[in-house]
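Engineer: Just so you know, the sequences run in chain order H and G.
Going left to right, the first sequence walks through residues 21 to 165 as this note's numbering numbers them.
Going left to right, the second sequence walks through residues 111 to 237 as this note's numbering numbers them.
For each residue, glycine too, the CB sits at the ideal point set by N, CA and C.
One structure is given below, represented as structure tokens, and several questions about it will come after.
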Amino acid sequence: MLRRWDDFDDTYALLNSFRRQVDRFVQDFETGVPAHGEGGPRLNLFDAGAALVLTADVPGMGEKDLNIDVTQDVFTLSGERKADAPEGYAPHRRERGRYRFSRSFSLPVRVDLERTTATVKDGVLTVTLPKAAEARPRQIAVRGA
Amino acid sequence: MADTNLERREGDPRAPAPRRRAVAPAVDVFENKDEYLILADVPGAARDRVNVHFEHGRLTLEAPREFTAPGPVLASEYAPADYHRSFALPQGVDAARIEAELVAGVLRIRLPKSDAVRPRRIAIKGG
């Protein structure tokens, strides 16, 4: 008969918990950004040629919970993950963060705000920021003499 | 002899491909009188690829993560990885009625308790 959640995770509980901590420590050390908490979700930024593409893990958040703001070259992603703890349940373990965040960084090139799009699918935010005309890669034809 | 053997294996085309990187998703675990409830963050996992598996008293959740970089990386704070985590379940979980659903990158697994362990009020009859 189960008494505590600890009984649940018997043999590997300690090992798993230790492994998770080491994993997190290594990840945080590598990236300088904590996985959860105040910092908000982690971001990746790609150069897709004609556009910059930004991705972020935002599990449990929808379009309504996220705000994107671009002023000049500064990109700001803010949002809030609401608590989704069900009513009337006793918690055994809480690892998933509940947080409100705001992250800003400067974009490496000018972008076209009018054509910027953002989608959320399966808990992943993808923002496509088309580069401004002057920042787009351009092929220069070399003419023979 | 054994050492040589090991060294040779490096670069051996017959050696198994290195496993993809997997991370343990963060979970919340709740309980009420009827069931246990596990919430796991698995952003980027597609519903038809999530595998929730129950065998020998262990619940295992696995979800591969599809990811193709749209171009060269300018800044990277995380490397997408597959998800893998397993739990030993207490006795008294009705395995046949375990349900899982995936909404917005959050996997919600309900583990109903079997009738035998559910608390029950026993009516006291007067004599």
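(1) Between which residues of its own chain and Ala-134 (chain G) is the CB-CB distance below 6 angstroms, once the five residues before and five after are set aside?
(2) Whole angstroms is fine: what's the gap from Leu-63 (chain H)'s alpha carbon to Asn-87 (chain H)'s?
(3) According to DSSP, is Lys-84 (chain H) helix, strand or coil?
(4) Tell me, please, whether the segment 106 to 125 of chain H touches the segment 153 to 167 of chain G by the rule of three or more beta-carbon pairs shorter than 8 angstroms.
(5) Might you give, ordered along the chain, the residues of its own chain that have their beta carbon closer than 6 angstroms to the beta carbon of Val-139 (chain G), omitting 5 neighbours on each side?
(6) Shortest alpha-carbon distance to Thr-96 (chain H) belongs to which of H:Lys-141, H:Leu-127 and H:Ala-68?
(7) Going by Cα to Cα distance, which pick from G:Arg-159, G:Gly-215 and G:Phe-197 is closest to Met-81 (chain H)?
(8) Compare the beta carbon distance of Asp-89 (chain H) and Gly-99 (chain H) with 8 angstroms and say whether it is the shorter of the two.
(9) Cutting at 6 angstroms between CB atoms, please list the residues of its own chain near Thr-170 (chain G), excluding the five before and the five after it.
(10) Using only the alpha-carbon positions, how far apart do Val-227 (chain G) and Val-203 (chain G) sit?
(11) What's the call for Ile-219 (chain G), buried or exposed, on a 16-neighbour Cβ count within 10 Å?
(12) By alpha-carbon positions, which one of H:Thr-75, H:Arg-156, H:Gln-92 and H:Thr-91 ends up nearest to Thr-178 (chain G)?
(13) Given a cut-off of 8 angstroms, decide if Ala-156 (chain G) and Asp-67 (chain H) are closer than it, judged by their beta-carbon atoms.
(14) Just grab the DSSP bridge partners of Ser-126 (chain H) for me.
(15) With a Cβ-Cβ cutoff of 8 angstroms, do Arg-130 (chain H) and Glu-154 (chain H) count as a contact?
(16) Quick one: Cα of Thr-91 (chain H) to Cα of Glu-211 (chain G), how far?
(17) Which residues of chain H have a Cβ atom closer than 7 angstroms to the Cβ of Leu-147 (chain G), listed in chain order?
(18) Take the Cβ of Ile-160 (chain H) as the centre, count every other Cβ of all protein chains shown within 10 Å, and call the residue buried at 16 or more, exposed below.
(19) Given Glu-172 (chain G), which residues of its chain have a CB within under 6 angstroms of its CB, disregarding the five upstream and five downstream residues?
(20) Excluding the 5 residues flanking Lys-223 (chain G) on each side, which residues of the same chain have their C-beta closer than 7 angstroms to its C-beta?
(21) If I measure Cβ to Cβ from Ala-71 (chain H) and keep anything under 7 angstroms in the same chain, skipping five residues before and after, which residues do I get?
(22) Less than 8 angstroms separating the beta-carbons of Ala-132 (chain G) and Ala-191 (chain G)?
(23) Can you tell me whether Arg-163 (chain H) is buried or exposed, with buried defined as 16 or more other CB within 10 angstroms of its CB?
Structural biologist: To lay it out plainly:
(1) Within the second sequence, the letter at position 24 stands for residue 134 (chain G). Here the set comprises Arg-195.
(2) Along the first sequence, read from residue 1 onward, the residue named residue 63 (chain H) stands at position 43. Along the first sequence, read from residue 1 onward, the residue named residue 87 (chain H) stands at position 67. Each residue's Cα considered, the two are about 15 angstroms apart.
(3) As a working note, residue 84 (chain H) is residue 64 in the first sequence. Of the three classes helix, strand and coil, the one that applies to Lys-84 (chain H) here is helix, per DSSP.
(4) no
(5) By one-based count along the second sequence, residue 139 (chain G) stands at place 29. Ile-148.
(6) On the first sequence, residue 96 (chain H) is found 76 positions in, with the first residue counted as 1. Per the Cα distances, H:Leu-127.
(7) In the first sequence, residue 81 (chain H) corresponds to position 61, counting from 1. The shortest C-alpha separation from Met-81 (chain H) is found at G:Gly-215.
(8) Within the first sequence, residue 89 (chain H) is the residue found at index 69, counting from 1. Within the first sequence, residue 99 (chain H) is the residue found at index 79, counting from 1. No, the pair does not count as a contact, with Cβ atoms beyond the cut-off.
(9) Locating residue 170 (chain G) in the second sequence gives position 60, where the first residue counts as 1. Within the same chain, Thr-170 (chain G) has close Cβ partners His-163 and Ser-196.
(10) On the second sequence, residue 227 (chain G) is found 117 positions in, with the first residue counted as 1. On the second sequence, residue 203 (chain G) is found 93 positions in, with the first residue counted as 1. Those two C-alpha atoms are separated by around 9 angstroms.
(11) To locate residue 219 (chain G), count along the second sequence from 1; it is residue 109. Ile-219 (chain G) is buried by the Cβ-count criterion.
(12) Mapped onto the second sequence, residue 178 (chain G) falls at position 68. Looking at the Cα atoms, H:Thr-75 is the closest of the given residues.
(13) In the first sequence, the residue the question calls residue 67 (chain H) occupies position 47. In the second sequence, the residue the question calls residue 156 (chain G) occupies position 46. Their beta carbons are not under 8 angstroms apart, which means Asp-67 (chain H) does not touch Ala-156 (chain G) by this criterion.
(14) If you number the first sequence from 1, residue 126 (chain H) lands on position 106. Answer is H:Val-94, bridged to Ser-126 (chain H).
(15) In the first sequence, the residue the question calls residue 130 (chain H) occupies position 110. In the first sequence, the residue the question calls residue 154 (chain H) occupies position 134. Cβ atoms of Arg-130 (chain H) and Glu-154 (chain H): closer than 8 angstroms.
(16) By 1-based counting over the first sequence, the position of residue 91 (chain H) is 71. By 1-based counting over the second sequence, the position of residue 211 (chain G) is 101. Taking the straight line joining both Cα atoms gives about 39 angstroms.
(17) Here residue 147 (chain G) refers to the residue found at position 37 when the second sequence is read from its first residue. Here the neighbours are Pro-106 and Tyr-109.
(18) The residue you call residue 160 (chain H) lines up with position 140 of the first sequence. Flag for Ile-160 (chain H) reads exposed.
(19) If you number the second sequence from 1, residue 172 (chain G) lands on position 62. Closer than 6 angstroms at Cβ, skipping near neighbours: Asn-161 and His-194.
(20) Residue 223 (chain G) sits at position 113 when you count from the first residue of the second sequence. Excluding residues within five positions, the ones whose Cβ falls inside 7 angstroms are Asp-144, Glu-145, Gly-202, Val-203 and Asp-204.
(21) As a working mapping, residue 71 (chain H) is identified with position 51 in the first sequence. Cβ neighbours of Ala-71 (chain H) beyond the five flanking positions: Thr-148, Leu-149, Pro-150 and Lys-151.
(22) Residue mapping note: residue 132 (chain G) aligns to position 22 of the second sequence, counting from 1. Residue mapping note: residue 191 (chain G) aligns to position 81 of the second sequence, counting from 1. Their beta carbons are under 8 angstroms apart, which means Ala-132 (chain G) touches Ala-191 (chain G) by this criterion.
(23) On the first sequence, position 143 is the one that residue 163 (chain H) refers to. Label assigned to Arg-163 (chain H): exposed.
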